[in-house]
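Accompanying notes for the structure given below.
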Amino acid sequence: MLKKRLIAIFAISALTVAGQVAVTASSEAATKTITVASPWHDGGLEIWNAAIARFEKANPGINVISKGNQDMAKSLADINAGTGPDISVANGPGNVGWFCATGAWKNLNKLINSPTTGIKIKDVFPAAVNDYTISQGNRCALPFTTEPIGMFYNKDLLLKAGFAKPPTTTEELLAYSKKLTTFDANGDIKTAGFVPWVGYNDYGFTANDLGNMFGAKWYKADGTPALGSDPQWVKAFNWQRTFIAQVFGGGDFAKGKTKLLKFVAGAGSPWGLNGDFPTGRAAIWIDAVWMIGLFCDPTENWVMMPCNKPPVNFGVAPMPVVGALKSSLYGAARYGGNTMGIGRDTKNVAEAWKLIKFLATDTQLQVDFANYATQPPSTIAALNSKDLVYPAVYKPFIDIVKNKRSGYHKIMFVAEHLDEDELNNLMAAWQAGTVSNISTALKDASANIATIIARNSK
Amino acid sequence: MPLSKGNVLVPSRKRGASTSLNPRRKLKVPYLFIFLCMLPWILGFILFTAYPVAASFYESFTKFNLVESPKWIGLENFHRMFFDDPDFWKAIKNTLWISVISIPLRIAFATFTAWILTKPTRGMKFYRTLFFLPAMVPTVAATLSFTYIFNPAYGTINSILESIGIKNPPFWFMDPHWSKWGLILLGLWGIGDTMIIYLAGLLDVPKSLYEAASLEGANSWQEFRYVTMPLITPVIFFSAVTGIIGSFQYFTQAYVASGQVRDYSHSMYFYATHIYTEAFRAYEMGYASALAWVLLVITLLCTLVMLSTQKRWVHYPNGSLFK
Chain A
1 MLKKRLIAIF
11 AISALTVAGQ
21 VAVTASSEAA
31 TKTITVASPW
41 HDGGLEIWNA
51 AIARFEKANP
61 GINVISKGNQ
71 DMAKSLADIN
81 AGTGPDISVA
91 NGPGNVGWFC
101 ATGAWKNLNK
111 LINSPTTGIK
121 IKDVFPAAVN
131 DYTISQGNRC
141 ALPFTTEPIG
151 MFYNKDLLLK
161 AGFAKPPTTT
171 EELLAYSKKL
181 TTFDANGDIK
191 TAGFVPWVGY
201 NDYGFTANDL
211 GNMFGAKWYK
221 ADGTPALGSD
231 PQWVKAFNWQ
241 RTFIAQVFGG
251 GDFAKGKTKL
261 LKFVAGAGSP
271 WGLNGDFPTG
281 RAAIWIDAVW
291 MIGLFCDPTE
301 NWVMMPCNKP
311 PVNFGVAPMP
321 VVGALKSSLY
331 GAARYGGNTM
341 GIGRDTKNVA
351 EAWKLIKFLA
361 TDTQLQVDFA
371 NYATQPPSTI
381 AALNSKDLVY
391 PAVYKPFIDI
401 VKNKRSGYHK
411 IMFVAEHLDE
421 DELNNLMAAW
431 QAGTVSNIST
441 ALKDASANIA
451 TIIARNSK
Chain B
459 MPLSKGNVLV
469 PSRKRGASTS
479 LNPRRKLKVP
489 YLFIFLCMLP
499 WILGFILFTA
509 YPVAASFYES
519 FTKFNLVESP
529 KWIGLENFHR
539 MFFDDPDFWK
549 AIKNTLWISV
559 ISIPLRIAFA
569 TFTAWILTKP
579 TRGMKFYRTL
589 FFLPAMVPTV
599 AATLSFTYIF
609 NPAYGTINSI
619 LESIGIKNPP
629 FWFMDPHWSK
639 WGLILLGLWG
649 IGDTMIIYLA
659 GLLDVPKSLY
669 EAASLEGANS
679 WQEFRYVTMP
689 LITPVIFFSA
699 VTGIIGSFQY
709 FTQAYVASGQ
719 VRDYSHSMYF
729 YATHIYTEAF
739 RAYEMGYASA
749 LAWVLLVITL
759 LCTLVMLSTQ
769 KRWVHYPNGS
779 LFK
């Protein structure tokens, strides 16, 4: 009897254990793991991971491994080794053309256009955001927050010079700068109105900004470079020289250039409150949105809110544009933002899509991250969210992002902004006075970019 | 007993010579054990040197963007380099400039500094240490310091130059015409490692030769020209060859300095910078590999040219090292 009982107990136990093993195995088989590599750290990563936790809760079959502090070079090395993350995040759109064309990031066109699980991108994202996530018809990226460029101006210095409002045109910018610029006894620049010099303030003023002010096009509709054919570029470059000559050299470009070069050499670090804008060494300053965190925070902790006692009395406005095109250009800007894509080797495309769609469109994540990182969200819903908290001085950036005329230049098959580098190099040579014919030089730069694209596309 | 051949000691191979001191006779270690001991190095060499070198040679004939598989394109990369890449020629021009100017200057400066350091009788060790110290400063730190002290707005150098009456001192790293001179000065400041070799060479010159020259009525210049110079030519030759190799690989100082001043003008764009840019910014690994192999060939050719000329001007007391 005892023997029978023991056999029965053993049999029941065995069945129970086997059943549990089967259940566990089947549940493990159903769970898909998705890895996400992002460059976020500290508070940004916490917000990101909290959103991922919400996603996991809402999608029980998907387990997400989030790796922070991963720059794109690391993700790319992993993709190359065949062990890349399912989703990777890149700072900026500089490599989107390259990711799309090489297949490092999968083409998302079909997934986006799916009537059931897709995204109506024109309704969800602002226009510029949709520009910088597509390359030559292949949308391989989705956005995550934006990085608009705007004009910061020192209210006190402008008022002292008799200006109650910021300049809105390039002509006004020049006139303002003439009044705002002061020189010391040696003739060196003491305070600069505005410094249109590539290399000043790290990447503070680039050929992209210069072109932006004149509505100059980077590429034609067919994707060929337009630097040599769009007359706005020549106007933009000539304006830069005229500005340097008139504002800093009393009409003499060489003199102005020498003075400006010395001024640029003496610039404080743009990453601290000893930079030229917070110290009042420069009155007007073009920079990305996140600088507002520094200019609002006397403790240099880059905290934007509440911004009620900023170390410098500043305002923000859209970048000035050439007067002739003011009605069509002013208020808009060419801006980029973080991008993310699904890696080449992912085996769980459907789950990765579900997650990347969530990360790109979840309003709470967008708002929380924007509030933390001071970068405006990249969805229309989040841009209009009441939970988005910012000081009044920040609003122009939100408006720039929302502006339907804002955009980004066509993204072609080039790596790491090499097309923009080509023009920045030309701008450096032009401002150094070593280029005499800007028309020819622009045509050469255009041809060089065309060569890079053609070579990459072979 | 060792036999003397000239003044070089060679081990005795006489039959019947004492064998108790011959290490070969006592070493009874199995070859397998020796091989196992060497295995980590062999594996490291194969994995981290031999394979990458072979792979880079193959990739130099391919279009390889890191993500897609390498695609064979024959000699296209090499054709592009010479006929379709203005940055290649810019990098070559800058590299040749720095080689031609810096190598002779470094040799002259190292010789002069070492010569000075043979003179003091008191505090000799202190001075030698002092002159060697800059060589111990990490390259990045030294370059950052130089861009600071050579800053035209607040740098010490221009303040000194202005105080002695130079009205418009150069803008150094910020001026495309002067930036490479800034790098040259940085190289001369850190001459310590080369100087030590020269110092050893100078101290090796037998004093008896100076005494003989003095008795013959030679003045200081004649002593240097006819005694010191010939006897330190092996050191000069060595530093010239390593200098050529080093100048073609010149990277860190230029990369850091150009990053500091945002050198969009590419005045500090050297050959190694070009390789780096093509590999890690343009992701053109195939082309970057081709550039690296051309660098090897250029360096090899320069070294061979130097070797072929040494018979004419390098004086080895016991004959050429490369015979």
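Heads up: the sequence lines are chains A and B, in that order.
Note that the numbering used here numbers the first sequence so that position 388 is 388, with each residue one more than the last.
So the number in the numbering used here is just where the residue sits in the second sequence, counting from 1, plus 458.
No residue lacks a Cβ here, since even glycine has one placed at the ideal position from N, Cα and C.
A quick note: this is a predicted structure, and the numbers were derived from the prediction, not measured.
Chain-ordered neighbours of V198/A on chain B, where CB pairs are closer than 9 Å: Among the residues of chain B, those whose CB is under 9 Å from the CB of V198/A are R720, Y722, following chain order.
Members of the stretch 636 to 654 of chain B that neighbour chain A once the beta carbon cut-off is set at 8 Å: The stretch 636 to 654 of chain B vs chain A, Cβ under 8 Å: nothing.
Pairwise C-alpha distance: A324/A and G158/A: The question names Gly, yet the displayed sequence has Leu at residue 158/A. When only Cα atoms are considered, L158/A and A324/A end up about 24 Å apart.
Residue closest to D479/A, alpha-carbon to alpha-carbon, out of K404/A, A441/A, L294/A, E422/A: With chain A represented from 1 up to 458, any question about residue 479/A goes unanswered, as that position is not in the structure.
Proximal chain B residues relative to W98/A, where beta-carbon distance stays under 7 Å: Ordered by position in chain B, the residues that pass the 7 Å Cβ test against W98/A are Y741.
7 Å Cβ shell around T451/A - same chain, five flanking residues per side excluded: Contacts found: none.
Alpha-carbon spacing of M632/B relative to G336/A, whole angstroms: Spanning the two alpha carbons is a distance of roughly 29 Å.
Cβ-based burial, Y727/B [other Cβ within 10 Å; buried from 16]: With 16 or more other CB atoms across the displayed protein chains lying within 10 angstroms of its CB, Y727/B is buried.
Supposed contact pair T146/A and V322/A - C-beta distance, whole angstroms, cut 8 Å: At roughly 24 Å, the Cβ-Cβ gap does not stay under 8 Å, so V322/A and T146/A are not in contact.
Distance CB(I65/A)-CB(T116/A) smaller than 9 Å: No, the pair does not count as a contact, with Cβ atoms beyond the cut-off.
Within-9 Å CB hit, E526/B to chain A: Among the CB atoms of chain A, one or more fall inside 9 Å of the CB of E526/B.
Neighbourhood of S560/B by C-beta distance below 7 Å, restricted to the same chain and skipping five residues each side: The answer, listed in chain order, is I642, G645, S705.
Delimiting residues of the beta strand (DSSP E) encompassing N338/A: Run containing N338/A: 336 to 342, per the beta strand (DSSP E) assignment.
Distance between beta carbons of S637/B and D721/B, contact taken as under 8 Å: The Cβ separation is near 7 Å, so the contact holds.
Cβ contact (3+ pairs, closer than 8 Å) linking the stretch 337 to 350 of chain A and the stretch 77 to 93 of chain A: Three or more Cβ pairs drawn from the stretch 337 to 350 of chain A and the stretch 77 to 93 of chain A lie within less than 8 Å of each other, which places the two stretches in contact.
CB contact check: N371/A to chain B, cutoff 9 Å: No, because no Cβ of chain B sits closer than 9 Å to the Cβ of N371/A.
Interface flag, D542/B vs chain A, CB-CB below 9 Å: Chain A, which has a Cβ nearer than 9 Å to the Cβ of D542/B, makes this yes.
Endpoints, alpha helix (DSSP H) assigned at A245/A: Run containing A245/A: none; DSSP gives neither H nor E here.
According to DSSP, residues forming a beta bridge with W530/B: According to DSSP, which records beta bridges pairwise, W530/B is partnered with T520/B.
Straight-line Cα distance separating Y394/A from P306/A: Each residue's Cα considered, the two are about 11 Å apart.
Test: V264/A CB closer than 9 Å to a CB of chain B: Taking 9 Å as the CB threshold, V264/A lines the interface with chain B.
When P528/B, I702/B, L563/B are compared against L754/B, the one with the closest alpha-carbon: For L754/B, the nearest C-alpha among the options comes from I702/B.
Endpoints, beta strand (DSSP E) assigned at F144/A: 142 to 147 is the extent of the beta strand (DSSP E) around F144/A.
Test: L210/A CB closer than 9 Å to a CB of chain B: False, the Cβ-Cβ gap to chain B never drops below 9 Å.
Cα-Cα separation between M304/A and Y612/B, rounded to whole angstroms: Taking the straight line joining both Cα atoms gives about 32 Å.
Backbone secondary structure at S66/A - three-state DSSP: The DSSP-derived three-state label of S66/A is strand.
One or two residues paired with P225/A in a DSSP bridge: Residue pairing of P225/A in beta bridges, as defined by DSSP: Y219/A.
Contact check, R281/A vs A185/A, beta carbons under 9 Å: No. Outside cutoff.
Cβ separation of T379/A and V124/A, assumed to be a contact under 8 Å, to the nearest whole Å: Contact between T379/A and V124/A holds, since their C-beta atoms are separated by about 6 Å, short of 8 Å.
Per-residue burial, E674/B [other beta carbons within 10 Å of its own, 16 or more giving buried]: Classification for E674/B: exposed.
From K165/A, A127/A, T182/A, residue whose alpha carbon lies closest to that of K190/A: For K190/A, the nearest C-alpha among the options comes from T182/A.
Under 9 Å between C-beta atoms of P311/A and L355/A: Between P311/A and L355/A, the CB-CB gap reaches or exceeds 9 Å.
7 Å Cβ shell around Y668/B - same chain, five flanking residues per side excluded: E681, V685.
Cα-Cα separation between L554/B and C760/B, rounded to whole angstroms: Pairing L554/B with C760/B, the inter-Cα distance amounts to about 12 Å.
Close-in-space but distant-in-sequence residues of the same chain around K255/A (CB under 7 Å, 5 per side omitted): Annotation for K255/A: G249 place their beta carbon closer than 7 Å to its own, counting only its chain and skipping 5 residues before and after.
Where the alpha helix (DSSP H) through V714/B begins and ends: First-last of the alpha helix (DSSP H) with V714/B: 710 to 719.
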